[in-house]
Amino acid sequence: MLRTHTCGQLRREHVDQTVTLCGWVDSRRDHGGLIFIDLRDRYGKIQVVFDPSKSASTELHDLAGTLRNEDVLRVSGTVVRRSEKDVNPKLPTGEIDVRALELKVLNKSRTPPFEPGTTDPPNEELRLRYRFIDLRRPRLQELMLFRHRVTKLVRDYFDEHGFLDIETPMLGRSTPEGARDYLVPSRVHEGCFYALPQSPQIYKQILMVAGFDRYMQIARCFRDEDLRADRQPEFTQIDVEMAFVEREDILQTIDGLVAHLMRSLRGEEIPLPLPRLSHREAMEKYGSDKPDLRFGMELVDLGDLVANCGFAVFKNALAEGGRVRGLCAPQAAAKYSRKNIDELTTYIADFKAKGLAFFRVTPTGLDSPISKFFSPDEQAAIIARFQAAAGDLIFIVADKGPVTSAALGALRARLGRELKLYDPNQMHFSWVLDFPLFSWNAEESRWDAEHHPFCNPVEDDVPYFQTDPGQIRAQSYDMVINGCEGASGSVRIHDPQVQQQVFDLLGIDPQQAEERFSFLLEALRYGAPPHAGIALGLDRWVMLFTGCDNIRDVIAFPKTQKAADLLSGAPAAVDAKQLKDLHIRIVEENR
RNA sequence: GGCUCCGUAGCUCAGUUGGUUUAGAGCGCCGGCCUGUCACGUCGGAGGUCGCGGGUUCAAGUCCCGUCGGAGUCGCCA
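All residue numbers for the first sequence refer to this note's numbering, where the first residue is 1 and numbers rise by one.
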């Protein structure tokens, strides 16, 4: 070892010891005579003092004078106690100094493009290009450490519950459903490609068939889709599958994991079971399949109250089979000007809502450009339906049912944030159950799997296969954390006939199914146990636990919105030889 | 693919309705001085294709178009 101690480790009890430290120059204060160096490693900072009066030769002091930020040093010296007036209460090591006796510069640093110690980090492009410096920042060091703790706790939890960690291939077969695949060309098989896994879904089901009845893996997954603040093209799932279980077993297992993490990471006891609501209930009350339940402000239906009102927009929407729904923002009337409300109207237009009606609640009724269309009785009924109080601001959307959900769900989330209706440090976990098994894809006039095609239908709903597939509920479950999808899973189909029924509806005929999923279908024919599983988005969990608002901060080497790694320069062109080996020719597209 | 925001010194930013010759500040950097600082102090200095290309104009960092890069979002994400 090049060092006897770490920089953050030394305290008063080390006084008089001779120590050797290694680290980076965090800052220097050169007084001409005395030189102070703050030496930093990932354990902390300590002040090193170079005192010319205490050394025989000037060599040590001259060298200390050449030190610059981010130089890497090895320093030997004596730990000394600071006099009372020189104690720095801001540092855990602030009661002591290391008085340098020997200095070796292990590596000079170029002047860094930014200081790790900066209070005001530079733009992200620069941070990502110089990620090795960015990662020296205490905040990112904390985040990496936290992430390590989470994965350790997760592994320990599943290990204690008898789960086996089994790796599955990264080079797999492209299956056409779902997200766009990242493809890897084969050298040996001309014109053929591997696909990087979108998730280990099929392999983990096959592990169940193989008899490993409790599986977990911290698995890297790849999806070639556009990025978001909480979405990277490669990300990490905590992947879980269990055999001989029902839905309830998965829910309880994950409930236990949540309690374990909350206890270990935050010292909070969380009551179990975690709250559950149905997909239908979530859409009805919150307009979202991942509602933030840290606050209420539920959606309310006004259809019966305004069916015969004087306001044509509401009446017509209902007459055309649509809905009139709204929400009541507590004490927001004075906080939102007409201009602010116009902005909200533009915002919900993204979700296809054609308009946003609003009422300011006054002691005597409703104040709004459209209040003249509503009789005093109707106004009173609306106020009563929302249980509104003077000073509240009511928003109403009249549109097709799903549009009212999407628009009001988005509006609710935004108002909750803007009105600070919740404590941002609170963690709220809940289950959303019974998603629809299929959703109608109007563009392509076909049914799509809502979750994936291996998800078991609720038994009572099986007759709907013939009559109304949109009614079939899935034996699925999503975990929602603070309005984010934190995990998603289902009871799987273990009966090849049910599986074929699902494929039929998705428009995958037996021959296509054989081609695409033969290995899974074949496995299901050789004694597949009932099984169920779930996958948790590790990056998002770390984000939520640490209060980060973007996923890149919890990933050591993340990619930009255009899926580029600014540090390495990936993706990049390759040699002609490499392409030739892979039987690939690049064709310039005409513009 | 659509919409929105951002790009001025190494970094963070200012730069007015287009008009003061030489585009500023703080931090950082370089040099001098400084023995108890810890956001050290102090004196001096260097550092700019205003992302790039085109256009409008007597005049463009400022207005317009295109483009590149970064961010947010809708679509997309079984």
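All C-beta atoms in this analysis are idealised placements derived from N, C-alpha and C, irrespective of residue type, glycine included.
Assigned exposure category for residue i - 16 Cβ within 10 Å defines buried
i    : result
G162 : exposed
W440 : exposed
S83  : exposed
A243 : buried
Q198 : buried
T66  : exposed
G547 : exposed
N316 : exposed
G33  : exposed
Residues of its chain near residue i, where Cβ-Cβ distance is below 8 Å and the 5 sequence neighbours each way are ignored
i    : result
K580 : none
Y347 : A410, L411, R414
V15  : V79, V80, R81, I96
R591 : Note that R591 scores a pLDDT of 43, beneath 50, so its modelled location is shaky and nothing firm can be said.
R585 : L579
P376 : G365
Simplified DSSP assignment, three categories, for residue i
i    : result
F114 : coil
Y157 : helix
I493 : coil
L171 : coil
I586 : coil
H279 : helix
G483 : coil
R3   : coil
R591 : Because R591 carries a pLDDT of 43, less than 50, the predicted location of this residue cannot be relied on, and no value is offered for it.
E269 : coil
Y286 : helix
H428 : coil
L126 : helix
N340 : helix
F193 : strand
P469 : helix
V498 : helix
F359 : strand
T346 : helix
D120 : coil
P571 : coil
P402 : helix
Chain-order list of residues whose beta-carbon lies under 7 Å from that of residue i (same chain, five-residue window excluded)
i    : result
E13  : none
V258 : I270, L274, F429
S592 : Outside the shown range of the chain, which is 1 to 591, sits residue 592, and nothing can be said about it.
L103 : L60, L63, A64, L73, V75
M598 : The structure shown has nothing for residue 598, since the chain only spans 1 to 591.
L164 : F212, R214, Y215
V587 : none
F222 : Y182, L196, P197, Q198, P233, E234
R385 : V300, L302, L305
Sequence-distant residues of the same chain with beta carbon closer than 6 Å to residue i, five excluded per side
i    : result
L2   : C22, R74
P530 : H494
F351 : A406, A407, A410
K335 : none
L536 : I238, A487
V245 : A532
G391 : Q331, A333
I341 : F358
R28  : I37, L67
Residues bridged to residue i [DSSP beta-bridge criterion]
i    : result
Q331 : According to DSSP, which records beta bridges pairwise, Q331 is partnered with nothing at all.
S476 : S490
F222 : E234
V105 : L73
Q217 : D239
V462 : Bridge partners of V462: none, in fact.
G23  : L73
Q49  : The residue asked about is misnamed: residue 49 is Val in this sequence, not Gln. DSSP lists F36, R99 as partners of V49.
N441 : R446
Y203 : BP columns for Y203 are empty, so no partner.
V397 : R325
V184 : Y194
Distance between beta carbons of residue j and residue i, contact taken as under 8 Å
i    : j    : result
F503 : P453 : 7 Å
I396 : A333 : Wrong, their Cβ atoms sit about 14 Å apart, outside the cutoff.
G44  : G8   : 2 Å
I254 : M479 : 7 Å
G416 : F374 : Going by Cβ atoms, the distance from G416 to F374 rounds to 27 Å, so no, they are not a contact pair.
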